[in-house]
Every structure is written in C-alpha cells, then in structure tokens.
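**Student:** If you count by our numbering, then the sequence shown holds residues 6 to 240, one letter each, in order.
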Amino acid sequence: MLIAITRLQEKSCDDGARCARFGHRCFSVSPLRARVNMEEIARFVDDTDQSTFDCIFFTSALPARLIGPRLSRWPRVVAIGPQTRRELEAYGIEAEVLPRFYSSDFVRFLGPWIEGKHIGIPRADVPNPGLLSSIRDAGGRVTEVACYSLIPTGEPLPLGDADALLFTSAMSYREARWEDRPGLLLVAIGEVTAGAMRGGGHDPVVVGDGSLEGTLDALNRYLEGNPGTRRPGGG
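1) Just the C-alpha distance for residue 42 and residue 133, rounded to the nearest angstrom, thanks.
2) What number of angstroms, rounded off, separates the C-alpha of residue 169 from the C-alpha of residue 122?
3) With burial defined as no fewer than 16 other Cβ atoms inside 10 Å of the residue's Cβ, what is the status of residue 57: buried or exposed?
4) Of all the options 188, 136 and 114, which has the alpha carbon lying nearest to the alpha carbon of residue 166?
5) Between residue 155 and residue 13, is the Cβ-Cβ spacing less than 9 Å?
6) If contacts are defined as beta-carbon pairs under 8 Å, then residue 82 and residue 93 qualify, I think. What distance do you get, rounded to the angstrom?
7) Where does the unbroken alpha helix (DSSP H) through residue 85 begin, and where does it stop?
8) Would the beta-carbon of residue 85 fall within 9 Å of that of residue 152?
9) Assign residue 131 to buried or exposed, taking buried as 16 or more other Cβ atoms, counted over all protein chains shown, within 10 Å of its Cβ.
10) Can you check DSSP and say which residues form a bridge with residue 13?
11) Return the bridge partner residues of residue 172 from the DSSP annotation.
Structure below.
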C-alpha cells in the first residue's frame, strides 16, 4: 500500500525504510509545523548539566533531536518509544523504552524508584496534566519545558494516490484537513489517537500499539483478514 503518514514538517525520519520492511511505500504529510524555542532548550540543557534531574523523559522524537546533541551529561533517560530511542542513540545516549509506548505508563514503569526523584520532560507546548499529576501523586517532582510549539499549517493534506492515511498523534488528526474518499483506510498509531478520531467522527480501521512498526504489523494483519482490500504495492 501507499501510506500517507502525518509528520511535522521539521521531522525527517526513516519511515520509508521501515514501511518497506512491511511491504509498503509511504510519504509524509504535515498538518503541523514546529516553532523551536531555543531559550527553553538552553535552559533545559543547563539544568541537565547541573544535575538538576534524576531522570529525563523524552515523549517524542523531536525533543530528542533538539536536545540530544547539546547534552554533555545526563541522568537516567526514558524514551516513549523505539523511534525516540533511536534518535537518542545517534548522540550516544542510552535510553530505556516504555513497554506500551504511552506516557500514561511512565510512572508505572519507574515504580517505587520515582519517589523523591526530579523528572525533566522536554516536550511540545501541549499540556499533559495527567502525566504531571501522576508523577506528583507517586512522590516525584517534575519540570516540563516547552522546547517547541506546534503550529497548524491550515493546508489540505496532499494525499495524491495514497491508499491509507496514518495519523501519528491526536493533535495531527484534530488539525488535519483532507478530502475523505471511498477506499481510503484511516489508521491510528495508538489508542489515544484512535480516541480522538472516534470523537471526531472518523473510526480508524486499524489501531496500532503506539509505534510505527506495531501499526504496520496491525495493518498487515487487517489486510490478511480482508483480502478484498488493496494489497501492498497497489494490488
């Protein structure tokens, strides 16, 4: 299949190679762009250099790319998923990965260790009060730094001949503008995105596990169970 994947305009990635391993082709469409806040990034890096944090939680790949090359030292590092870990590894930073790729699992993943610890979270300017309150309820402290803002492009997504449209976040779905058409498979990368899509009247045909690889695997299982659907390569 030819899959359109929502990505930030500033976010280059290896989607093509990963899709090819599952027998698909893809291209990026961008309902959002990032406005980087260098002052906040510098402040976060300074705090990290001064050993302010006991743990850093990277909730997406872009903060890892913005901050990783600027760090000379770091504490325990947790990445929300495999792509974010790959970004950090490129700068020599080893990171643990959440087993289910959802920020709601962060406190459960750390367990009793979190008590009394200071957690630093570099992220977009999209609030996540549930994550912050869960850290505090577990006895931890938390500092969020909005290292970039998400700006809707307002432009229709150029889907072309895409067979499927894969939304990689709830916000990318909410801000997307596209022409729905018969036969276009709508795919959610995980349950949070799927919930936003259902709330907006678009029930995803496929829901992944929060990672691109898991989503592509779920898509292939859907295709195997629905042989009338277009097959990888446009068949």
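Glycine is no exception: its CB is placed at the ideal position from the N, C-alpha and C atoms. Predicted, not measured: the structure shown is a model, and the values here were computed from it.
**Tutor:** Answer, in terms of the structure:
1) Going by the C-alpha atoms only, they are around 19 Å apart.
2) Going from the Cα of residue 169 to the Cα of residue 122 covers about 43 Å.
3) Counting Cβ neighbours within 10 Å, residue 57 comes out exposed, since fewer than 16 surround it.
4) The residue from 188, 136 and 114 with its alpha-carbon nearest to that of residue 166 is 188.
5) Taking 9 Å as the Cβ cut-off, residue 155 and residue 13 qualify as a contacting pair.
6) The distance from the Cβ of residue 82 to that of residue 93 is about 7 Å, consistent with a contact at the 8 Å cut-off.
7) In the DSSP assignment, residue 85 falls outside any alpha helix (DSSP H) and carries neither an H nor an E.
8) Their beta carbons are not under 9 Å apart, which means residue 85 does not touch residue 152 by this criterion.
9) Residue 131 comes out exposed.
10) Partner(s): none; residue 13 has no beta bridge.
11) BP columns for residue 172 point to 193.
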